[in-house]
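Residue numbers (UniProt numbering): 1 to 286.
Structure representation (structure tokens):
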């Protein structure tokens, strides 16, 4: 059994020069760390696992370190966005000094785009690029042994790791993505009342109905260029599950929600057929 702590990269020391002062000045929104919660849902329940959202709790690097030291995990996984790479590496370096046997794993958008560079910064034992719902649990199982076998590591796609000072990696997965087979994100691991936007009238959460985008906009770094989508039943079933948690508003976070008019219409008709009282929004391609 391994004690696992998954955290969001702290905002303390993030790069803010390109962010509007109006956004920085107001506590306008907090979205749940759906990626970490989706990963948590796939980890074998025999492992003790917690999720810490340092951003929502406005924790400094030191406060985050204090929490980690108190929890005493065997493995620390962090989801990193590029503007928070500096505090992320600072946290990894400081916690490694205090807990030298702690296994550190980096993932998230920054690792997707700068995998090798992230590993070269030091204090990161493993890097996982791409979507990690399937790969992170496999890494946990590979590390839950008396001796880590490289043959086991080679079975995990999109993994970066060191053998002595030699940085090695495995290729991306070629398995088809079946989104309906994934369990719901483990939302109960965080305080759902912490999440909101300035325009919400009710408690809210986020949800994905599809993954990827086939377009090739020069300004976008969406990691999945193929487009996969969930069934109408699977989507609306999760709507019902979210409503059972007492949440009344849902923000659909697809990269391209309106890819296919029929899919959107079918979802709307199924929501109406079931008589669900829910407010929802989506980001669409105009």
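Don't be surprised by glycine CBs; every beta carbon is placed ideally from N, CA and C.
Separation of residue 107 and residue 168 (C-alpha to C-alpha, rounded to the nearest whole angstrom) is 16 Å. The continuous alpha helix (DSSP H) containing residue 88 extends over residues 85-98. In this structure residue 198 is exposed. Its beta-carbon is surrounded by fewer than 16 other beta-carbon atoms within 10 angstroms.
The alpha-carbon separation between residue 90 and residue 61 amounts to approximately 8 Å. The beta carbon of residue 276 sits closer than 8 Å to those of 236, 239, 240, 243, all from its chain and outside the five residues before and after it, given in chain order. DSSP places residue 4 inside the beta strand (DSSP E), whose first and last residues are 3-8. The C-beta of residue 10 has 16 or more other C-beta atoms within 10 Å across all chains shown, which makes the residue buried. Here residue 130 has 112, 158, 172, 223 as same chain residues with Cβ atoms under 7 Å from its own Cβ, once five neighbours each way along the sequence are excluded.
Residue pairing for residue 210: DSSP places it in a beta bridge opposite 229. Around residue 33, the same chain offers 8, 53 as residues with beta carbons nearer than 6 Å, after the five sequence neighbours per side are excluded.
Residues of the same chain with a CB within less than 6 Å of the CB of residue 85, apart from the 5 flanking positions on each side, are 110 in chain order.
With a minimum length of 4 residues, there is no unbroken run of alpha helix (DSSP H) contained wholly in the segment 161-186. In the structure shown, residue 245 adopts coil according to DSSP, grouped into three states.
Using a C-beta cut-off of 8 Å, the segment 201-214 makes contact with the segment 245-261, since at least three inter-stretch Cβ pairs fall below that distance. Boundaries around residue 79 are those of the beta strand (DSSP E), 75-79, since no alpha helix (DSSP H) includes it.
No Cβ-Cβ contact shorter than 7 Å links residue 39 with residue 97. In this structure, DSSP gives residue 140 a helical state, which the three-state scheme calls helix. Of all alpha-carbon atoms in 226, 269, 233, the one lying nearest the alpha-carbon of residue 259 is that of 226.
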